[in-house]
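Input: a single structure, listed below in C-alpha cells.
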Amino acid sequence: MSQPLDRQVGGSHYKGLKIQPLELVVANGLGFCEGNIVKYTTRFRDKSGVEDLRKVEHYIELHFQMVSKEPWWFRVTREWLSTAEHMPAISPGEYCDANGIDDKRQRYLISGVCFWRGIDSSRYTKTSMLNAVHELIQESTAG
C-alpha cells in the first residue's frame, strides 16, 4: 500500500512537488490559517488561479483577526518561542527551491507565514502580505 504523501485524492496539483505544503506546515508548527496560506499560494498556478489567491487573502485576514484576540500571555509565549535561534525545520527557501517556486511574491508569502512571529516579523505585516496577493491577482487577471 502506498504512503499517504505518495497519493492524492482529487487532482494532481501536489504530485509534482518535492516537498508538499503539509510537510512544511507540520515541520514548522504552523497553524491552520498559515497552513492554508502556504497551500493556496503553492498551488494557485496549477489549480484554481485567482480563486486560490482570494483564499490566501482571506486566510491572511483571518490570521491577523485571530492573533489580535489572543490573550497577551499567549502572544508573549509564542514570540518568545520564535526567537532568533528558531530556524524552521524546512526553510521557506528550501521549500520554494525544491518546488520550483520562483515568483518573488509567492516566496514572500510562504516566508511570511514561517517568520511573521519571530524576530523578522516587521517585514511581514498584514498590509504587505495582502499587497503581494493583490499583485498576483492583478497579474493573473490581466492576461
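The numbering of the sequence shown is our numbering, which starts it at 1042 and goes up by one.
Even for Gly, the Cβ is constructed at its ideal location relative to N, Cα and C.
{"Asked": "Measure the C-alpha to C-alpha separation of K1080 and Y1055 and round it to an integer number of angstroms.", "Found": "9 Å"}
{"Asked": "Give the range of the alpha helix (DSSP H) segment to which R1148 is assigned.", "Found": "1145 to 1156"}
{"Asked": "State the Cα-Cα distance for the pair A1173 and R1086, rounded to the nearest angstrom.", "Found": "15 Å"}
{"Asked": "Identify which residue in S1132, V1154, Y1165 has its Cα closest to the Cα of N1077.", "Found": "V1154"}
{"Asked": "In three-state DSSP terms, what is L1103?", "Found": "helix"}
{"Asked": "Count the other C-beta atoms from every protein chain shown that fall within 10 angstroms of the C-beta of P1133, then say buried if there are 16 or more, exposed otherwise.", "Found": "buried"}
{"Asked": "Rounded to a whole number of angstroms, what is the C-alpha to C-alpha distance between K1088 and S1109?", "Found": "32 Å"}
{"Asked": "So which of P1045, L1150, V1091, D1047 has the shortest CA-CA distance to S1181?", "Found": "V1091"}
{"Asked": "Which residue from L1103, E1102, D1144, I1060 puts its Cα closest to that of L1177?", "Found": "D1144"}
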